[in-house]
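Q: Here it is, the structure, as structure tokens.
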Amino acid sequence: QQQVKQSPQSLIVQKGGISIINCAYENTAFDYFPWYQQFPGKGPALLIAIRPDVSEKKEGRFTISFNKSAKQFSLHIMDSQPGDSATYFCAAGWGTYKYIFGTGTRLKVLA
Amino acid sequence: GAVVSQHPSWVICKSGTSVKIECRSLDFQATTMFWYRQFPKQSLMLMATSNEGSKATYEQGVEKDKFLINHASLTLSTLTVTSAHPEDSSFYICSAHGGLGRTDTQYFGPGTRLTVL
Numbered sequence: 113q114q115q116v117k118q119s120p121q122s123l124i125v126q127k128g129g130i131s132i133i134n135c136a137y138e139n140t141a142f143d144y145f146p147w148y149q150q151f152p153g154k155g156p157a158l159l160i161a162i163r164p165d166v167s168e169k170k171e172g173r174f175t176i177s178f179n180k181s182a183k184q185f186s187l188h189i190m191d192s193q194p195g196d197s198a199t200y201f202c203a204a205g206w207g208t209y210k211y212i213f214g215t216g217t218r219l220k221v222l223a
Numbered sequence: 717g718a719v720v721s722q723h724p725s726w727v728i729c730k731s732g733t734s735v736k737i738e739c740r741s742l743d744f745q746a747t748t749m750f751w752y753r754q755f756p757k758q759s760l761m762l763m764a765t766s767n768e769g770s771k772a773t774y775e776q777g778v779e780k781d782k783f784l785i786n787h788a789s790l791t792l793s794t795l796t797v798t799s800a801h802p803e804d805s806s807f808y809i810c811s812a813h814g815g816l817g818r819t820d821t822q823y824f825g826p827g828t829r830l831t832v833l
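Quick note, the sequences are listed as chains A and B, same order. The numbering of the first sequence is our numbering, which starts it at 113 and goes up by one. The numbering of the second sequence is our numbering, which starts it at 717 and goes up by one.
Next up, the structure:
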């Protein structure tokens with residue numbers, strides 16, 4: 113019940129294309145859903161986050177879509193660039209501020 | 717804003733020695749800090765939650781006597797890996813939570829690569 117399932121494990125996208133990464137959760141106590149980007153040998157960096165009372169949030173090329181009834185949320189990267197090549201983690205958090213992380217998606221954007 | 721630093725960025729030590737890793741929130745006060753461990757190509761596994769001035773809360777399966785955590789101030793938490801062994805080799809990452817306006821977000825440090833010979 114504490115798991116966050118993330119897919120796909122890896123993703124290859126052409127430059128300019130849309131990258132879509134999906135996450136699903138079971139515990140309805142989760143109330144905060146951030147996405148992090150991690151480059152090799154670096155710590156994760158916050159990209160964008162959403163709360164369950166909002167169905168979509170957009171920041172630049174990054175959009176989170178949230179489906180509360182399905183307990184799913186996804187990250188869309190528009191106009192994907194080679195510099196976006198990294199590992200992306202979704203997470204779910206709740207009142208204690210702890211996060212449960214997804215398993216990660218390795219994105220490669222081809223030039 | 718919301719910068720978290722870690723020191724050292726990498727460390728190599730001999731088996732049986734202890735290693736201390738520092739995590740600092742540079743521009744905000746962190747009421748809570750978290751320590752994670754990450755193996756290559758894997759996700760982040762939470763080791764413990766550290767609140768300033770109180771004992772850390774360890775996740776199931778994490779040896780509290782091996783991974784000593786101290787959160788002495790609102791800007792500093794330390795993780796000491798005691799009597800390190802090769803299987804402790806990993807990427808250790810801290811995160812900090814708290815500060816005005818940052819009610820839910822964890823900000824991560826750059827990580828520390830530990831190699832135990």
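Even for Gly, the Cβ is constructed at its ideal location relative to N, Cα and C. Note that the structure is predicted; figures quoted are calculated from it, not measured.
If we count the other Cβ atoms within 10 Å of its Cβ and call it buried at 16 or more, is D143 (chain A) buried or exposed?
A: Here residue 143 (chain A) refers to the residue found at position 31 of the first sequence. Exposed, since its Cβ has fewer than 16 Cβ neighbours within 10 Å.
Q: Taking 8 angstroms as the limit between beta carbons, can you name the residues of its chain near A203 (chain A), skipping five residues before and five after?
A: Within the first sequence, numbered from 1, the residue matching residue 203 (chain A) stands at position 91. V116, F145, P146, W147, Y148, Y211, I212, F213 and G214, listed in sequence order.
Q: For T791 (chain B), count the other beta carbons within 10 Å of its own beta carbon; 16 or more makes it buried, fewer makes it exposed. Which is it?
A: Here residue 791 (chain B) refers to the residue found at position 75 of the second sequence. That one is buried.
Q: For the candidate residues A:W206, A:Y209, A:G205 and A:Y200, whose alpha-carbon lies nearest to that of I124 (chain A)?
A: Here residue 124 (chain A) refers to the residue found at position 12 of the first sequence. Closest option to I124 (chain A), Cα to Cα, is A:Y200.
Q: For L219 (chain A) and A198 (chain A), what's the separation of their Cα atoms in angstroms?
A: Residue 219 (chain A) sits at position 107 when you count from the first residue of the first sequence. Residue 198 (chain A) sits at position 86 when you count from the first residue of the first sequence. Distance between the alpha carbons of L219 (chain A) and A198 (chain A) is about 5 angstroms.
Q: Counting Cβ pairs, one atom from each stretch, are 3 or more of them under 8 angstroms apart for the stretch 181-196 of chain A and the stretch 127-139 of chain A?
A: The stretch 181-196 of chain A vs the stretch 127-139 of chain A: in contact.
Q: Report back the beta-carbon spacing between I809 (chain B) and L762 (chain B) to the nearest angstrom; my notes put them in contact at under 8 angstroms.
A: Position 93 of the second sequence, counting from 1, holds the residue named residue 809 (chain B). Position 46 of the second sequence, counting from 1, holds the residue named residue 762 (chain B). Not a contact, Cβ separation roughly 10 angstroms.
Q: What does DSSP give as the partner residue(s) for G205 (chain A) in the beta ladder?
A: One-based indexing of the first sequence puts residue 205 (chain A) at position 93. Paired residue(s): A:Y144 and A:Y211.
Q: Quick one: residues in its chain with C-beta nearer than 6 angstroms to the C-beta of Q126 (chain A), no 5 flanking neighbours on either side, listed in chain order?
A: Working through the first sequence from its first residue, we reach residue 126 (chain A) at position 14. Within the same chain, Q126 (chain A) has close Cβ partners L222.
Q: Which residue wins for smallest C-alpha separation from P156 (chain A), given the options B:R753, B:E768, B:G769 and B:D804?
A: Taking the first residue of the first sequence as position 1, residue 156 (chain A) is located at position 44. The shortest Cα separation from P156 (chain A) among B:R753, B:E768, B:G769 and B:D804 belongs to B:R753.
Q: By the DSSP assignment, the beta strand (DSSP E) with H723 (chain B) in it spans what residues?
A: To locate residue 723 (chain B), count along the second sequence from 1; it is residue 7. Taken as a continuous stretch (DSSP letters only), the beta strand (DSSP E) holding H723 (chain B) covers V720 to H723.
Q: Nearest to R917 (chain B) by CA position, among B:A812, B:H813, B:M749 and B:S725, is which residue?
A: Absent from the model: residue 917 (chain B). The displayed extent of chain B is 717 to 833, so no value can be given.
Q: Report the residue from B:V832, B:S789 and B:H813 whose alpha carbon sits nearest the alpha carbon of F807 (chain B).
A: Within the second sequence, the letter at position 91 stands for residue 807 (chain B). When each option's Cα is compared against that of F807 (chain B), the closest is B:V832.
Q: Using a Cβ-Cβ distance cut-off of 8 angstroms, determine whether T140 (chain A) contacts chain B.
A: Translated into positions along the first sequence, residue 140 (chain A) becomes position 28. Chain B contact via Cβ: absent.
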